[in-house]
Every structure is written in structure tokens, then in C-alpha cells.
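In UniProt numbering, the protein residues as written are 1 to 455.
In what follows, a structure is listed as C-alpha cells, so that the remarks can point back to it.
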Amino acid sequence: MLFNRSLPAPACPTSITTLDGSDLEYVDVYKYLGVWLDCKLSFQTHIKHLQSKIKSRVGFLFRNKASFTQAAKLTLVKLTILPILDFGDVIYKMASNTLLSKLDAVYHSAIRFVTKAPYTTHHCDLYALVGWPSLHIRRQTHWLQVIYKSMLGKAPPYLSSLVTMATPIRSTRSSRCISLIIPKANTSFGRLSFQYSAACDWNELQKSLKLETFISLTNFKHQLSEQLTDRCSCTYVPTWLQTNSGLSSKGSLKGQPGGKEHTLTWTKYYYAKYNLSFWAVTTGNEPSAGQMTNYRPHLTLYYMYIHGVGVHWYLDTLVPAELSLGTTHQLYPEYYLFGTEACAGWSPSDRGVRLDSWERAEQYAHSIIQVLYCPMFYSMAHFRYCPMGLRVGVSFSQETKLESSAFIRPDGSVVLTILNRSSSEVQFEVYDPAVGFISSSAPAHSLLTLAWNTL
Numbered sequence: 001m002l003f004n005r006s007l008p009a010p011a012c013p014t015s016i017t018t019l020d021g022s023d024l025e026y027v028d029v030y031k032y033l034g035v036w037l038d039c040k041l042s043f044q045t046h047i048k049h050l051q052s053k054i055k056s057r058v059g060f061l062f063r064n065k066a067s068f069t070q071a072a073k074l075t076l077v078k079l080t081i082l083p084i085l086d087f088g089d090v091i092y093k094m095a096s097n098t099l100l101s102k103l104d105a106v107y108h109s110a111i112r113f114v115t116k117a118p119y120t121t122h123h124c125d126l127y128a129l130v131g132w133p134s135l136h137i138r139r140q141t142h143w144l145q146v147i148y149k150s151m152l153g154k155a156p157p158y159l160s161s162l163v164t165m166a167t168p169i170r171s172t173r174s175s176r177c178i179s180l181i182i183p184k185a186n187t188s189f190g191r192l193s194f195q196y197s198a199a200c201d202w203n204e205l206q207k208s209l210k211l212e213t214f215i216s217l218t219n220f221k222h223q224l225s226e227q228l229t230d231r232c233s234c235t236y237v238p239t240w241l242q243t244n245s246g247l248s249s250k251g252s253l254k255g256q257p258g259g260k261e262h263t264l265t266w267t268k269y270y271y272a273k274y275n276l277s278f279w280a281v282t283t284g285n286e287p288s289a290g291q292m293t294n295y296r297p298h299l300t301l302y303y304m305y306i307h308g309v310g311v312h313w314y315l316d317t318l319v320p321a322e323l324s325l326g327t328t329h330q331l332y333p334e335y336y337l338f339g340t341e342a343c344a345g346w347s348p349s350d351r352g353v354r355l356d357s358w359e360r361a362e363q364y365a366h367s368i369i370q371v372l373y374c375p376m377f378y379s380m381a382h383f384r385y386c387p388m389g390l391r392v393g394v395s396f397s398q399e400t401k402l403e404s405s406a407f408i409r410p411d412g413s414v415v416l417t418i419l420n421r422s423s424s425e426v427q428f429e430v431y432d433p434a435v436g437f438i439s440s441s442a443p444a445h446s447l448l449t450l451a452w453n454t455l
């Protein structure tokens, strides 16, 4: 795909051959990580898909509006419509106003479903009724959050590296505001220049948002962010909230949707009193555990409420995680994948605790390397040096039986975890351009961690 927004697109090459001799297909439209890209970066295809998806959901909601209370309607739109509009909005926000106005139309329709407002109601009045901003403000807010996270080093390195703070000029007339260096827009081969717009957008903000002292997270919250996650997995509803007062048999929440058991207790049960909130929560254990009568995997109504998938490892011996999770991610890149449960000794043929089983330690380490951050025990100690979101690639110069995972820590040091599941010792050598070569060996059936400074 050749990108060019203003000028006529150049003639498409007949074929593009890679170094290994394979041919690449030339396309005008391509879906990447859930966002449709076109060669003119108009995002027309992506917005068309968004509009169609939201129209379908809003239509379903209107057809069943008699079944929902006012509070339920508001919750439904928050959970099923807004996430679609928010996903990738910092990317497609550069589309034309004509295209973006199509999303405004379905957004207003969703608000009218909640408020029962007539079609002639002005959009400003619609926003006031639900207390939501316009889509333009939502997109701009999300974009500024990305910029701010990049400045704090909270964004991925490829984004943070594009944001450079200008050196403050000390004088009596200094504004004491943080400014960003605007990158030069140039290209050696294309007919149109591109530049990262973060610096321009940040510098145009009002001064109160750009003070020299960051209006940032407190040190306490910063420390917690490295130790705690804001997602949780609930295996069961507390027994005193269930109709059957049991954990593993069929039952449901007491009361009716919108009642005190649902809204006031279950939905606000998680530490709300202490102002601790969670970014995501699973609805419960796997469907087989609760013997759900109405569970039907083919019902499209269910995934209106879904933004991610919790994964258990118990069938990985039949279908490897790289196949099942890899295929799922390729088909549904907009959904999160989290490992939420894993334990050894669960099968009838090998049930219970085995204190002397190294094989089980290998199972844990193998699973952590495949789908990182599943909570394990002894093997987990090897991964305590690995902060979230800083994993880097490892390549091998020849075929090997070793499995590995490498990380760059916030202090600049490097951590490499190596698992040898074979029955023989493996000699290896690690090369880091910053420090050179490191020679070591992995004994048979071993797990080891290497750490070194690069500064």
C-alpha cells in the first residue's frame, strides 16, 4: 500500500518481491489491528464499517426498548456503543468532517434511545441530557491523553520517542510552560511530507494544562501501578447474592436487573467505598462451571457486552496457545486477551498436589512465556523482574530447543528469561550491542534468568 493524501496516487507496481523471493500483494484498503486503512488515509472504509456496526446495535436496542429501564438503557449504550466509537479514534480523527458527521448521527441516535428525546432535539441538548461530550471532544480528549502518557513515558517506546520536550529558556519572561519540539516534516522519496502532530496539538493548549510541574499521578499511585493491575477476574458471585447460595451449581443473582442486588451490591461491590475502581472485570467463571442453561456460543447478543476474553489453559495440550490465541487475535484484534486461570493437578488422572514434580514447574514456565502474567508460584519468581508492557523480541541465529522472553526495565537494564525443556544441556551465547557477548548454558529441564545493565 502506498500512502498519498493530496496528490494523485502513483502507478501501482506490478509486483513487489521480498528478499526471500516471495511476492507481496498490492492493496488499496487493509485492516490492521482493527482499523481499516486506505491509501489516501481518508478512513472512509473504516467509518463506513463503524457506522454499519453501530446502526445494527442501535436498531436492536430500539426494537427491544420496552424491555429496558432508563438506567439499563444508559448502561447498554456505555458498554456496547461508546467502546466502538472510542476504539482507534485517535487514528481516524484525521478523517474529513463529512465522514465524521456520519458517526455523529449514530451517536445522537444512541442518545435518543437513552433519553427518549424526539428527532428534532438539538445535539447540544442531547449531550446535556446524558452529560456526555461530543464525539469531537471525546476524540480530542483521548488524543491529548496519548500525548500526555508519551511525555510521562507511559506510552510504548515507539510513541514516546516521537515526543521531545523543548529545553526551557530561563529568563524573567519565561512562561514556565512545557513545550514540545515540532519535528521537521520531510521525506526523501514520497511526494507528500508527514509529521507527528502531537507537538503542535500540545503547544496549542491553554497554559494551565502545560505547567512546568506535571499535573501527574502521585508517587503513591505510580508505585502501585507497577505492582497492581486495574482488572480482576471473579470466579463466582458471593453466595449470599445467589439464588441457590452455592458456588458451582446452577443459580443467578437475586432480585431483578436494576435492583439493589444487581446495581447497588454486585456492580458496586469491588472496593468502591475506598475509591478503588477496576478497568475491567470478568463476568464470572467459565460457562460450564455454572451450568448456564441459556448459554449459546452462537448468540450475537452476548458479544455486545464483551470487550475482552479471559483464557484458561486447561486444553492447551490439545490446542496449543499460539494456535488458539493467535487465531482469535487475528480474527478479532479489537478484543483483549487475558490469561485468568491456570493450575496443575486438575485432571482426574493427575489430581492433587505433587511437591516433587518439576514437570509442573515446566508447565507453568512454558505457559507464562506463551501467555505472560498468568499468576503462578515458584516459576513466577523468575518473572518478577519483568515490568508490564516492555517486552522486546529475541531472535536465534540457529534452531534451538530453548524458549525465551526478554525485557527492558524502566531503569535501562535488560532481563532475559530462558527455559530449557529438553533432556540435555544447551550452550548458548547472548549478544547485546550495548555490552557485547554473554556466554552461558542452560542445564537440562531448567529455568534461568539473566539480568545486566546497559548504561
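Beta carbons are placed, not taken as given, at the ideal position from N, Cα and C, and that holds for glycine.
Inter-residue spacing [alpha-carbon to alpha-carbon] between residue i and residue j
i    : j    : result
A66  : R57  : 16 Å
Q227 : C386 : Note that Q227 has pLDDT 38, beneath the 50 cutoff, so the model's placement of it is unreliable and no number is given.
V77  : I47  : 19 Å
V163 : Q256 : 50 Å
L450 : D316 : 28 Å
F68  : K53  : 21 Å
I369 : Y92  : 34 Å
I438 : Q427 : 11 Å
L416 : S405 : 6 Å
S441 : E425 : 7 Å
G310 : Y148 : 30 Å
D201 : L241 : 49 Å
H312 : D350 : 18 Å
D20  : T328 : 28 Å
Y127 : S150 : 30 Å
H123 : P133 : 10 Å
F62  : I111 : 11 Å
Nearest neighbour of residue i, chosen from the options [CA to CA]
i           : options                   : result
A444        : N453, W452, H312 and S423 : S423
V114        : I137, L129 and H122       : L129
residue 490 : S395, F87, P157 and A344  : No answer is possible for residue 490: it lies beyond the span of the chain, which begins at 1 and ends at 455.
Y431        : T400, S395 and R351       : S395
Q330        : G34, G21, D20 and T18     : G34
Y335        : I306, D350 and W346       : I306
M94         : L37, K73 and S347         : L37
L143        : T454, Q44 and S197        : Here the sequence assigns Trp to residue 143, which means Leu is not the residue at that position. For the residues T454, Q44 and S197, the minimum Cα distance to W143 belongs to S197.
I84         : I111, Q70 and H49         : H49
I81         : G21, F60, S101 and K401   : F60
T282        : G339, A199 and G131       : G339
Q70         : T45, K116 and N97         : K116
residue 462 : M151, L241, A365 and N64  : With the chain running from 1 to 455 in the structure shown, residue 462 is simply not present.
L152        : Y314, P410 and S446       : P410
L100        : A72, L135 and E25         : L135
P156        : S324, V392 and W452       : V392
L41         : S96, N453, S179 and H123  : S96
I418        : T17, D89 and T400         : T400
L447        : E403, N453, L455 and T454 : E403
F383        : H366, Q398 and S397       : H366
Y314        : W346, I16, Q145 and I111  : W346
Distance cut-off 6 Å: residue i Cβ against heavy atoms of the ligand GDP
i   : result
T69 : Of the ligands one can find in the structure shown there are none, so the ligand GDP has no counterpart to examine.
Buried versus exposed call for residue i [16 or more other C-beta atoms within 10 Å across all chains shown]
i    : result
F407 : buried
N420 : buried
Q363 : buried
R125 : Sequence inspection shows Asp at residue 125; the Arg mentioned does not correspond to that position. By the 10 Å Cβ count, D125 comes out exposed.
V435 : exposed
V29  : exposed
V414 : buried
R354 : exposed
L103 : buried
T18  : exposed
R170 : The pLDDT assigned to R170 is 45, lower than 50, so where the model puts this residue is not dependable, and the model offers no usable value.
Residue range of the beta strand (DSSP E) that includes residue i
i    : result
K31  : V29 to Y32
T449 : S446 to W452
S405 : L402 to I408
T340 : Y336 to E341
S441 : G436 to A442
L253 : Premise fails: L253 is in no beta strand (DSSP E) and is neither H nor E.
L41  : Run containing L41: none; DSSP gives neither H nor E here.
Delimiting residues of the alpha helix (DSSP H) encompassing residue i
i    : result
H122 : Note, H122: premise wrong, no alpha helix (DSSP H); not H, not E.
Q330 : A321 to L331
F62  : Q44 to R63
V106 : N97 to T115
I181 : Segment: none, I181 is in no alpha helix (DSSP H) and carries neither H nor E.
Y158 : P157 to S160
Do the region 355 to 367 and the region 104 to 117 make contact, defined as three or more Cβ pairs closer than 8 Å?
no
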